[in-house]
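Trainee: Here it is, the structure in full.
There are 6 protein chains.
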Amino acid sequence: MDPSKLDQCQFREASTERFREAIPAVVNDLVQSCNTEACFDHVDTEPIPSRDAIVKIIHMALRILYPGYFTKIRVDSTNLHYYLGQEVTTLFEAISEQATLAIRHECLRHDLPCIHCGERGQEIAADFIRNLTNLRKILATDVRAAFEGDPAAKGYDEIIFSYPGLFAINIYRIAHALFGMKVSLVPRIMTEYAHSLTGIDIHPGARIGESFFIDHGTGVVIGETTEIGKHVRIYQGVTLGALSLPKEKVEELRYQKRHPTIEDEVIIYSGVTILGGETVIGARSVIGGNVWITESVPPDTRVLTKKAELIFREKEK
Amino acid sequence: MDPSKLDQCQFREASTERFREAIPAVVNDLVQSCNTEACFDHVDTEPIPSRDAIVKIIHMALRILYPGYFTKIRVDSTNLHYYLGQEVTTLFEAISEQATLAIRHECLRHDLPCIHCGERGQEIAADFIRNLTNLRKILATDVRAAFEGDPAAKGYDEIIFSYPGLFAINIYRIAHALFGMKVSLVPRIMTEYAHSLTGIDIHPGARIGESFFIDHGTGVVIGETTEIGKHVRIYQGVTLGALSLPKEKVEELRYQKRHPTIEDEVIIYSGVTILGGETVIGARSVIGGNVWITESVPPDTRVLTKKAELIFREKEK
Amino acid sequence: MDPSKLDQCQFREASTERFREAIPAVVNDLVQSCNTEACFDHVDTEPIPSRDAIVKIIHMALRILYPGYFTKIRVDSTNLHYYLGQEVTTLFEAISEQATLAIRHECLRHDLPCIHCGERGQEIAADFIRNLTNLRKILATDVRAAFEGDPAAKGYDEIIFSYPGLFAINIYRIAHALFGMKVSLVPRIMTEYAHSLTGIDIHPGARIGESFFIDHGTGVVIGETTEIGKHVRIYQGVTLGALSLPKEKVEELRYQKRHPTIEDEVIIYSGVTILGGETVIGARSVIGGNVWITESVPPDTRVLTKKAELIFREKEK
Amino acid sequence: MDPSKLDQCQFREASTERFREAIPAVVNDLVQSCNTEACFDHVDTEPIPSRDAIVKIIHMALRILYPGYFTKIRVDSTNLHYYLGQEVTTLFEAISEQATLAIRHECLRHDLPCIHCGERGQEIAADFIRNLTNLRKILATDVRAAFEGDPAAKGYDEIIFSYPGLFAINIYRIAHALFGMKVSLVPRIMTEYAHSLTGIDIHPGARIGESFFIDHGTGVVIGETTEIGKHVRIYQGVTLGALSLPKEKVEELRYQKRHPTIEDEVIIYSGVTILGGETVIGARSVIGGNVWITESVPPDTRVLTKKAELIFREKEK
Amino acid sequence: MDPSKLDQCQFREASTERFREAIPAVVNDLVQSCNTEACFDHVDTEPIPSRDAIVKIIHMALRILYPGYFTKIRVDSTNLHYYLGQEVTTLFEAISEQATLAIRHECLRHDLPCIHCGERGQEIAADFIRNLTNLRKILATDVRAAFEGDPAAKGYDEIIFSYPGLFAINIYRIAHALFGMKVSLVPRIMTEYAHSLTGIDIHPGARIGESFFIDHGTGVVIGETTEIGKHVRIYQGVTLGALSLPKEKVEELRYQKRHPTIEDEVIIYSGVTILGGETVIGARSVIGGNVWITESVPPDTRVLTKKAELIFREKEK
Amino acid sequence: MDPSKLDQCQFREASTERFREAIPAVVNDLVQSCNTEACFDHVDTEPIPSRDAIVKIIHMALRILYPGYFTKIRVDSTNLHYYLGQEVTTLFEAISEQATLAIRHECLRHDLPCIHCGERGQEIAADFIRNLTNLRKILATDVRAAFEGDPAAKGYDEIIFSYPGLFAINIYRIAHALFGMKVSLVPRIMTEYAHSLTGIDIHPGARIGESFFIDHGTGVVIGETTEIGKHVRIYQGVTLGALSLPKEKVEELRYQKRHPTIEDEVIIYSGVTILGGETVIGARSVIGGNVWITESVPPDTRVLTKKAELIFREKEK
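What follows is the structure, encoded as structure tokens:
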């Protein structure tokens with residue numbers, strides 16, 4: 000037969016075989032590597048919290064916290080009660096499940112029995128939903144703070160729909176509530192979801208007062224033990240972080256205060272870095288753009304960097 | 000009966016009841032809080048623009064602006080006409096709907112009657128699609144600018160498929176067209192979508208000339224009243240922002256020029272901050288990395304910060 | 000007929016016609032513009048790699064590299080072999096397909112015949128999966144580096160589930176493997192996916208040793224020809240970039256080393272910029288926050304910027 | 000170049016062109032045929048009821064009529080009120096929309112103005128939901144009738160979950176309610192949905208009393224003007240139809256009684272055909288299998304066909 | 000204000016209110032009716048087997064029983080083991096879950112404790128999968144019987160892909176296996192799924208030998224206690240049913256043999272009805288079309304109805 | 000430890016292991032059984048036509064044949080051309096693909112080379128779409144026949160939307176076109192899809208003239224070599240079949256005429272069976288309900304069965 004007439008398909012078929020033959024050896028290697036200590040796997044374990052389920056919890060909670068904003072269902076006085084009732088029930092169940100998985104995961108990790116994991120998961124969910132009305136009120140102060148702080152804001156709706164700063168604060172406040180109930184994994188997965196969508200990285204352990212506003216926000220980092228008062232406003236690229244530390248001290252610093260304290264009504268402009276657990280920015284102070292601070296600032300102070308001298312040189316054309 | 004034989008399921012059931020009982024009180028509180036002024040809700044209102052629908056509009060527009068790049072459907076000369084015809088029709092309808100919702104929302108917010116909302120929504124959509132060919136041409140200049148500005152670029156396709164700077168500019172140009180037609184909410188939701196995916200925050204109100212290139216882009220902020228000429232190139236972390244302003248002045252500054260003007264062929268390297276509505280960077284100037292500018296720069300100027308002195312200290316081991 | 004009885008629907012209908020009539024002219028313009036050189040399109044061409052398919056490849060690979068972490072399927076010793084077998088087979092096929100598309104695209108772009116494109120695509124896929132066990136081992140060093148470097152880390156699982164730095168490194172290592180096999184488009188689409196979710200922009204061409212840790216990460220840029228040793232740790236806002244270059248030199252610099260070299264065990268704090276292909280940061284050096292470096296640093300050195308003098312001014316109230 | 004080396008892909012490409020070239024002429028023909036009277040199209044018209052939406056309405060209604068049976072959501076005394084509230088609201092809206100579309104379609108078809116279509120659609124939906132509790136009660140009699148009539152039934156749940164007869168009756172009763180309100184298209188689409196899943200074809204216009212049971216059901220046909228009393232039981236393959244009629248009489252018979260009347264407690268075994276608008280099967284009668292009836296049967300009668308003589312012939316092997 | 004200028008939308012709004020007001024009363028009625036004995040609901044109960052999950056189980060099982068026929072995944076000797084391994088694992092889990100739900104449902108219905116429900120569910124799943132290879136072999140005999148019995152069959156693949164008779168037998172054999180393990184609800188939901196797609200209603204309790212063929216099949220009914228030998232062939236519209244019985248005897252007949260026995264190699268043509276638990280059709284007999292049988296037939300017999308005399312009358316034109 | 004405190008979860012875990020251990024042996028058996036001749040599998044073969052893809056083709060074709068009826072997209076004179084253009088292109092591609100798979104499957108089954116499979120697939124698709132306008136015209140005659148034949152029909156739209164007879168004829172005509180081009184598997188999968196939804200089983204090989212109407216339709220069987228003239232009307236339960244044949248003759252009858260011929264304007268009422276390849280029902284004849292015919296009927300004849308004598312017996316109460 001004329002080889003030029005050979006069906007390409009059969010040819011492809013043959014070559015497929017050649018390369019596919021690599022698969023079994025690869026699979027054996029991978030299975031083997033699951034039995035070594037070198038690699039990480041979750042084989043032969045209980046189910047773990049699911050990122051997808053946690054993201055759904057966030058959006059359920061937002062639908063409850065801002066009724067009517069994020070739903071395609073029409074909500075009016077006829078069905079508001081039913082709508083919220085169903086959403087709260089579903090949220091209760093979803094948090095129960097993920098919290099139980101997180102607790103069980105933690106128990107097993109520490110070789111503890113897990114007798115009341117399911118019950119504790121539901122207790123957490125009940126505590127969380129009891130706090131929802133309160134959460135609504137605090138978030139309303141954050142919305143107002145954004146409107147008052149940004150001359151580009153055209154109205155509250157624009158802020159609620161599109162401001163990344165508010166989105167990150169919403170999620171932080173949800174995650175912080177669960178962090179306070181010692182739920183593992185879940186709060187951090189929540190704030191990292193916000194981080195991935197906004198570039199704003201707030202650790203769920205931080206404590207932040209009402210009327211908080213972050214403008215633009217990309218690059219903001221707020222560390223685990225940061226404390227922030229009321230009516231604080233910060234801009235993009237602000238880091239509230241820990242001082243650098245030698246590797247051997249990492250372990251002893253876990254769970255200690257390593258991040259700064261920001262008092263009420265402070266404004267921190269873009270690119271500012273404030274480091275250290277003992278650093279306190281006093282109330283009503285204003286920190287100018289790009290300032291680097293590792294020491295405390297008294298209240299009612301304006302801090303600027305001495306301007307770096309600019310060099311204007313005519314461009315050779 | 001031996002209590003050790005008790006079915007766990009029934010036990011779980013009992014405890015469920017205990018915690019679920021929290022739900023009705025929570026729901027009542029939430030319903031109550033919707034009747035107060037303290038919280039935000041969209042109850043008893045007309046439907047509002049939908050973020051999901053707006054994101055779909057963006058991707059529809061991109062499929063039209065770059066035919067064949069972002070579709071699984073094969074597009075060739077046989078079906079190009081049909082393909083574009085269907086896409087443009089669908090885009091027309093989708094914009095009509097969201098624009099109408101946005102206009103109606105705005106009317107109701109100002110207690111104005113909404114007699115021609117639907118008609119105006121369609122007029123906007125018609126104007127938008129009439130502008131598509133023009134938009135294609137401008138975006139083609141942006142693609143070329145990226146290729147000329149980035150030595151890592153392997154070809155035009157790589158830029159169109161994967162450059163976040165181009166993605167953000169694409170969306171900005173779409174949103175800016177709608178912003179110019181005074182559509183509320185929608186343009187900002189569009190640019191915040193780009194912001195969330197690229198870390199590049201361009202306000203839809205900014206005016207930007209052709210052949211614009213943003214490299215890397217994370218942390219770029221371009222404020223509402225910024226003006227940018229042709230052939231401008233900027234890098235990650237650049238802020239074109241407003242000077243800080245006392246809270247009581249926020250209201251009077253809404254709608255005024257607060258952000259800088261960048262003339263043709265300017266290059267702005269990473270981390271630069273340029274602030275203020277009267278600040279003008281003259282044509283062909285180059286602003287070096289990390290410079291902080293609040294005053295105008297004449298054309299054909301190279302601006303550098305006097306280098307901060309570096310301290311080299313031998314590390315104690 | 001009483002005009003007050005006019006059906007709004009019919010009215011809307013009429014106005015629809017008026018605006019929809021714009022569509023055919025728009026479509027003709029767009030079709031026309033596809034025949035000019037001014038615009039970009041992919042009409043009359045072979046299919047191109049699909050971003051959606053590439054994102055699926057990333058998640059398939061992650062499910063194999065961290066068995067049991069990112070799946071809803073229970074994986075235990077009974078089915079581990081089957082599970083990995085199916086995942087590896089599917090991954091092999093998915094990479095074969097996308098790699099073939101990328102190669103074909105490249106061939107056609109250079110007017111080369113594409114006789115062995117399909118075969119080469121499978122060869123690449125086979126090479127990729129052969130490398131999976133090795134990849135698992137390297138990634139395990141990155142997980143451990145994160146735990147050792149971050150006092151906020153509560154355990155390995157939290158890192159694997161939620162640390163954006165690790166996520167970006169995972170994807171970079173996958174993309175780098177394909178980059179090394181000269182697959183076009185795909186590696187960059189992968190790292191830009193990571194960039195969009197983490198704000199961390201690592202070019203797939205960079206070379207990075209084991210035990211690499213990026214904390215927070217937003218705004219990190221690592222250029223195409225960067226080389227990074229083992230046990231390096233970097234923070235948010237770090238740029239490892241190229242020196243600025245005049246437009247006319249862009250072309251000659253494509254494919255040359257333009258980005259710095261970072262040796263083993265270096266730590267680079269937030270906001271640091273290191274530029275230039277000849278810049279080498281010697282082993283075990285520590286670069287303090289916000290430092291701007293364009294020259295080499297010897298090993299075992301601590302580099303700081305001389306602190307800018309702060310100005311503390313009492314705020315007028 | 001050796002032609003045997005020609006890339007198959009390019010070859011395929013070429014041949015594609017040849018066949019794809021057929022498309023434009025085909026499209027022109029089809030467009031042309033839409034302008035003739037020969038063919039049916041819905042071009043340049045208002046939207047019409049959607050089969051998908053109508054199927055969703057059926058399943059919504061079933062979730063309300065049998066609370067907890069067909070939902071993945073746990074329904075208990077805590078959330079029953081919310082659950083039913085949301086389901087009823089959604090059902091109200093869905094029926095409003097489809098009923099409005101059906102009415103509008105009917106108006107336009109008769110060149111009538113459509114001023115109150117939307118309002119009438121909602122009135123229908125309100126009437127429908129007011130009837131839901133009543134519907135539940137009637138359907139409960141049907142469930143009980145199935146249990147009492149079928150020795151294979153293991154319990155009520157099995158009937159509700161899996162009996163096609165009950166499924167068809169459920170849908171018939173829903174459709175009949177809408178038929179009674181003169182909604183066009185929708186009721187028939189509903190009963191044909193049941194027909195396609197069960198082989199039971201009940202016209203929505205038929206009138207059927209409580210405690211109705213159909214066993215097996217495939218092939219059952221119940222015509223538009225059939226009347227069926229209470230506690231009637233029928234088997235597979237039963238036709239309650241019209242007498243054959245000459246073509247020229249079709250038009251005058253539209254809307255007249257053409258199908259039989261079945262009084263209370265009648266049993267009709269499989270394969271029976273009962274035809275004619277004046278045929279009445281008297282109460283408590285039993286019609287044996289395969290009987291063909293075109294005349295009335297008095298009450299309390301057992302009707303059998305004289306058995307056809309069977310021929311038993313030894314099979315030649 | 001001129002009423003002709005009234006915005007239709009606001010008008011619609013008003014009328015909406017009027018009709019929506021019906022909702023709360025309707026919901027209250029429905030909630031009330033859940034507390035009465037008149038209606039059926041599943042409120043305050045454990046979850047019940049899910050029809051969707053059961054349909055998925057059927058298709059999973061079919062993918063295992065006919066490897067490569069019903070999957071988009073390429074199955075070859077490289078991955079056959081992995082493929083089957085994953086499918087069997089998933090099937091095991093899915094059956095475990097649904098069987099457990101069915102058992103629990105049965106326990107609760109009889110007020111029995113449910114201590115080992117979960118364990119028993121898994122035991123059933125394990126028994127089921129152990130039987131899979133055997134099931135494959137029996138089904139292969141059914142495929143061959145179809146090919147041998149139908150002159151229209153073009154090959155085995157056509158039968159496996161498209162013959163409704165085989166589809167119904169496949170599902171019957173799966174359901175019968177679970178029926179034999181006393182799983183409630185699930186087997187009947189399975190066979191009713193087949194019934195809805197094929198018009199073939201085989202009760203899962205029937206016992207059917209190998210090499211069974213049903214041609215066309217619509218309207219076939221095979222009752223719960225039917226017994227069918229090997230190599231039997233039947234056509235559309237065949238009923239193997241129970242004799243009619245007075246209502247008061249229904250209860251005592253539950254669980255007794257009420258349906259006929261069909262011995263090996265019998266052929267039953269279309270429209271035949273065979274009734275009664277004591278009726279036996281002897282081996283190798285052939286029952287001609289439309290015959291009605293309530294008594295036994297000896298082996299090797301051909302049974303015909305004495306042809307009804309046909310009347311040929313010239314049609315008046 | 001008190002056994003009553005034992006965590007149920009761990010207990011469940013243990014028992015899981017016990018049953019899951021069954022899996023590997025089962026998988027091995029199944030793999031083994033794939034290597035025997037006893038069972039059917041599609042391992043190590045080329046991809047085969049996909050039922051899902053074929054069902055999509057049907058619905059694509061229906062959207063083209065009845066423009067605007069089955070789409071959510073508004074179709075009007077502005078976009079009709081684009082709409083049909085895109086639908087026809089997509090249909091062309093989908094048929095090309097499935098036809099190619101069917102041809103390849105047939106080639107491989109007969110050990111023939113498959114050099115022009117892809118080209119032939121496209122030729123078939125081109126022929127098919129060229130026939131679409133013609134198909135529209137024939138189907139329009141079927142719609143009109145339904146309206147004229149059924150006094151319950153309220154309009155053409157009701158017929159197009161909901162009449163199962165028309166649905167089955169639509170699909171038959173599509174499938175018959177492909178059958179005529181000798182595409183294997185696909186046509187039968189199409190008509191079995193119609194069969195499963197309507198209970199009407201028309202073999203794609205049958206030849207049926209224009210203006211064909213099937214009322215109700217459940218149980219209709221029309222065999223492979225049936226020929227039906229114009230303006231024929233049939234009712235539910237009609238079989239146009241083959242005479243019974245001994246098993247050893249099955250093979251020689253494949254591909255021969257085995258089913259009846261029905262001439263123009265014949266009406267066949269419900270439950271009629273007409274068998275045999277030489278049976279001809281002459282034009283304009285009417286066959287009364289339940290008649291069983293195995294011989295030809297001259298034109299203009301009315302055929303009835305001599306009515307079986309009915310026995311009316313008073314029911315004992």
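Chains as they are written, first to last, in numbering that gives the first Met the number 0: chain A, 0 to 316; chain B, 0 to 316; chain C, 0 to 316; chain D, 0 to 316; chain E, 0 to 316; chain F, 0 to 316.
Built from N, CA and C at the ideal position, the CB exists for glycine as well.
Under DSSP, the beta strand (DSSP E) around Arg312 (chain C) begins and ends at which residues?
Mentor: If you number the third sequence from 1, residue 312 (chain C) lands on position 313. Run containing Arg312 (chain C): 309-313, per the beta strand (DSSP E) assignment.
Trainee: With a threshold of 7 Å on Cβ separation, who are the neighbours of Ile128 (chain D) within its own chain once the five nearest residues in sequence on each side are excluded?
Mentor: For this step, residue 128 (chain D) is matched to residue 129 along the fourth sequence. Here the set comprises Val87, Leu90, Phe91.
Trainee: Where do the N-terminal and C-terminal ends of the beta strand (DSSP E) with Gly240 (chain D) fall, by residue?
Mentor: Start at 1 with the first residue of the fourth sequence, and residue 240 (chain D) comes out as number 241. Start and end: 238-240.
Trainee: So that I know if they touch, is there some Cβ in chain D lying closer than 7 Å to that of Gly84 (chain A)?
Mentor: On the first sequence, residue 84 (chain A) is found 85 positions in, with the first residue counted as 1. Yes, Gly84 (chain A) lies at the interface with chain D (some Cβ there is under 7 Å from its Cβ).
Trainee: Taking C-beta pairs closer than 9 Å, name the residues in chain A that His80 (chain D) reaches, listed in chain order.
Mentor: Residue mapping note: residue 80 (chain D) aligns to position 81 of the fourth sequence, counting from 1. Those within 9 Å of His80 (chain D) in chain A are His80, Tyr81, Gly84.
Trainee: For Tyr318 (chain E), which of helix, strand or coil comes out of DSSP?
Mentor: Lying outside 0 to 316, the shown extent of chain E, residue 318 (chain E) is not represented and no answer is given.
Trainee: If we ignore side chains and look at the alpha-carbon of each, how far apart do Glu191 (chain D) and His115 (chain E) end up?
Mentor: Reading the fourth sequence from its first residue, position 192 is the one you call residue 191 (chain D). Reading the fifth sequence from its first residue, position 116 is the one you call residue 115 (chain E). If I take the Cα positions, the gap works out to 44 Å.
Trainee: For Thr140 (chain E) and chain C, any beta-carbon pair shorter than 7 Å?
Mentor: The residue given as residue 140 (chain E) occupies position 141 in the fifth sequence. Judged by the 7 Å Cβ criterion, Thr140 (chain E) is not in contact with chain C.
Trainee: Given a limit of 8 Å on CB to CB distance, which residues of the region 18-35 of chain F reach chain C?
Mentor: Arg19, Glu20, Ile22, Pro23, Val26
Trainee: From the DSSP output, read off the bridge partner residues of Asp200 (chain E).
Mentor: Here the question's residue 200 (chain E) lines up with position 201 in the fifth sequence. Answer is E:Val220.
Trainee: Quick test of your reading: Leu131 (chain F) and Ile63 (chain F), contact by CB under 8 Å. State the CB separation rounded to the nearest angstrom.
Mentor: Residue mapping note: residue 131 (chain F) aligns to position 132 of the sixth sequence, counting from 1. Residue mapping note: residue 63 (chain F) aligns to position 64 of the sixth sequence, counting from 1. So it is a contact: roughly 6 Å between Cβ atoms.
Trainee: At a Cβ cut of 8 Å, what residues of the region 266-297 of chain B count as close to chain C, listed as they run along the chain?
Mentor: Ile266, Tyr268, Ser269, Gly270, Val285, Gly287, Gly288, Asn289
Trainee: Compare the C-beta of Lys314 (chain D) with all C-beta atoms of chain F and state if any pair is closer than 7 Å.
Mentor: Along the fourth sequence, read from residue 1 onward, the residue named residue 314 (chain D) stands at position 315. So, not an interface residue.
Trainee: By how many angstroms is the C-alpha of Pro66 (chain E) removed from the C-alpha of Thr35 (chain F)?
Mentor: Taking the sixth sequence and counting its residues from 1, the one referred to as residue 35 (chain F) is at position 36. Taking the fifth sequence and counting its residues from 1, the one referred to as residue 66 (chain E) is at position 67. So the two alpha carbons sit approximately 13 Å from each other.
Trainee: Could you check where the alpha helix (DSSP H) with Ile22 (chain B) kicks off and where it finishes?
Mentor: Along the second sequence, read from residue 1 onward, the residue named residue 22 (chain B) stands at position 23. 21-33 is the extent of the alpha helix (DSSP H) around Ile22 (chain B).
Trainee: Which residue or residues does DSSP assign as beta-bridge partners of Val296 (chain D)?
Mentor: The residue given as residue 296 (chain D) occupies position 297 in the fourth sequence. Under the DSSP definition of a beta bridge, Val296 (chain D) partners with D:Ile280.
Trainee: By alpha-carbon positions, which one of A:His194, A:Gly275, A:Tyr155, A:Asp43 ends up nearest to Val54 (chain A)?
Mentor: Reading the first sequence from its first residue, position 55 is the one you call residue 54 (chain A). Among A:His194, A:Gly275, A:Tyr155, A:Asp43, the Cα nearest to that of Val54 (chain A) belongs to A:His194.
Trainee: Give me the chain C residues within the contact set of Ala307 (chain A), using Cβ-Cβ distance strictly less than 9 Å, ordered along the chain.
Mentor: Residue 307 (chain A) sits at position 308 when you count from the first residue of the first sequence. Going along chain C in sequence order, the residues near Ala307 (chain A) (Cβ under 9 Å) are Ala307.
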